[in-house]
Amino acid sequence: MIELEDVSKQYGAFWAVRNVGFRVERGEIIGLVGPNGAGKSTTMKMITGYLVPSEGQLAVDGHDVVSDPVAAQRLIGYLPESNPIYPEMSVQDYLVFIGRMRGLKNPTLNARLKFCVDACGLQEKITATIRTLSKGFKQRVGIAQAIIHDPDILILDEPTSGLDPNQIAEIRHLIRDLGRDKTVILSTHILSEVEETCSRALMIVGGRIAVDDRIDALAGGRGLRLAVHGSGSVEEATATIRALDSVAGVEAESGDDLLQRFKITPRGDAEISRELFRLAVREGWEISELTRERRSLADVFREASQKGATQS
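With positions in the sequence shown counted from 1, the corresponding number in the working numbering is that position plus 14.
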């Protein structure tokens, strides 16, 4: 549905986005994360045709966004970070206006209006003037206008900004429902939102893609945590584990004469659990714990940010 190939955006001597490339299929919900100023919003604006890339190719469902922007934009529902809604209009009038701008006519327009109002929890505010709404309700109106025409693709820049916890849960549920048969890209600085809502995370650091992987793959760390009884001194046990060919590194985390804990990093893609069991049998150790290290998205984000900082 969406394909970027070596896409860059330059302002004078500054590259806001540099050689970004990724592909998003129907049914994927992608979380776009990164530090402030990393290039997330710039990337979204280029996908939607609001900015023209300086270099590279960008296509939406086969339509070149630069040479055929209207065809691409018909397929997209977009909630920009600024949420440019019209404050003097009522919620209903605004959504009807957007629907008509999108080419909807009755009875389809009325049906889509009802769906959006119900899905975004706007029933009690339907006749209210937008300027009188709280930030949270204005954000709901912004999401409603993005989905009024039932687009195949949703681009949502900070969709839960300003919402309370209950509203956030409702919008996350809505995004997951929409993502079953649509392509969704959302940006957020709330990493738990990506973990709970998205199937895949893209991290942009310094205008470049630093991480692109499925959430479950990112959460599964490569390291192992081992706890054993009867291993003698910590130094001897550490050296014994490090001597295994499949071990790249080992760190003693804590220990005493009864129980010792180690963090073990495998070499390459080696599967070392069996080797550790054989080692324990040979050395007469009793294993009380052998688990795969779990990482949060925040851990991955910090690692990618630090790596990007050292390379810049």
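Idealized CB from N, CA, C, for every residue including glycine.
Quiz prompt | Ranges of the beta strand (DSSP E) found wholly within the stretch 190-263, counting only runs of at least 3 | solution = 197-201, 214-219, 222-228, 234-243, all fully within the stretch 190-263.
Quiz item: Among Pro280, Ala73, Glu102, which has the Cα closest to the Cα of Ala257?
Solution: Along the sequence shown, read from residue 1 onward, the residue named residue 257 stands at position 243. Taking only the C-alpha atoms, the option nearest Ala257 is Pro280.
Quiz item: Rounded to whole angstroms, how far is the Cβ of Glu307 from the Cβ of Arg239, which I believe are closer than 8 Å?
Solution: The residue you call residue 307 lines up with position 293 of the sequence shown. The residue you call residue 239 lines up with position 225 of the sequence shown. The Cβ separation is near 6 Å, so the contact holds.
Quiz item: Under 8 Å, do Val34 and Ile61 count as touching if we go by C-beta distance?
Solution: The residue given as residue 34 occupies position 20 in the sequence shown. The residue given as residue 61 occupies position 47 in the sequence shown. Between Val34 and Ile61, the CB-CB gap reaches or exceeds 8 Å.
Quiz prompt | Endpoints, the beta strand (DSSP E) within which Asn124 is located | solution = Mapped onto the sequence shown, residue 124 falls at position 110. No beta strand (DSSP E) contains Asn124, which is instead part of the alpha helix (DSSP H) from 122-133.
Quiz prompt | Member of Glu42, Asp178, Leu168, Ser213 whose CA lies at the smallest distance from the CA of Ala86 | solution = One-based indexing of the sequence shown puts residue 86 at position 72. Of the candidates Glu42, Asp178, Leu168, Ser213, Leu168 places its Cα closest to the Cα of Ala86.
Quiz item: Got a sec, what are the start and stop residues for the beta strand (DSSP E) Ile90 sits in?
Solution: The residue given as residue 90 occupies position 76 in the sequence shown. 90-93 is the span of the beta strand (DSSP E), which, as asked, contains Ile90.
Quiz item: Should Glu184 be flagged as near chain C, meaning a C-beta pair shorter than 8 Å?
Solution: Looking for chain C here will not work: only one protein chain is present.
Practice problem: Please report the Cβ distance between Ile189 and Ile90, rounded to the nearest whole angstrom; I am assuming they are in contact, meaning their Cβ atoms lie under 8 Å. | Solution: Numbered from 1 along the sequence shown, position 175 holds the residue referred to as residue 189. Numbered from 1 along the sequence shown, position 76 holds the residue referred to as residue 90. With 8 Å as the limit, Ile189 and Ile90 do not qualify as a contact, their Cβ atoms being about 15 Å apart.
Quiz item: At which residues does the alpha helix (DSSP H) containing Lys59 begin and terminate?
Solution: Locating residue 59 in the sequence shown gives position 45, counting from the first residue. Taken as a continuous stretch (DSSP letters only), the alpha helix (DSSP H) holding Lys59 covers 54-62.
Quiz item: DSSP puts Arg275 in a beta bridge; with which residues?
Solution: Along the sequence shown, one-based indexing puts residue 275 at 261. BP columns for Arg275 point to Ala241, Ser268.
Exercise. Under 8 Å Cβ to Cβ from Leu118, same chain only, skipping five residues before and after it: list those, please.
Key: As a working note, residue 118 is residue 104 in the sequence shown. For Leu118, where only same-chain residues beyond five positions count, the Cβ hits under 8 Å are Arg126, Ile162, His163.
Practice problem: Return the CA-CA distance between Thr141 and Leu311, expressed in angstroms with no decimal places. | Solution: On the sequence shown, position 127 is the one that residue 141 refers to. On the sequence shown, position 297 is the one that residue 311 refers to. Straight-line Cα distance between these residues: approximately 41 Å.
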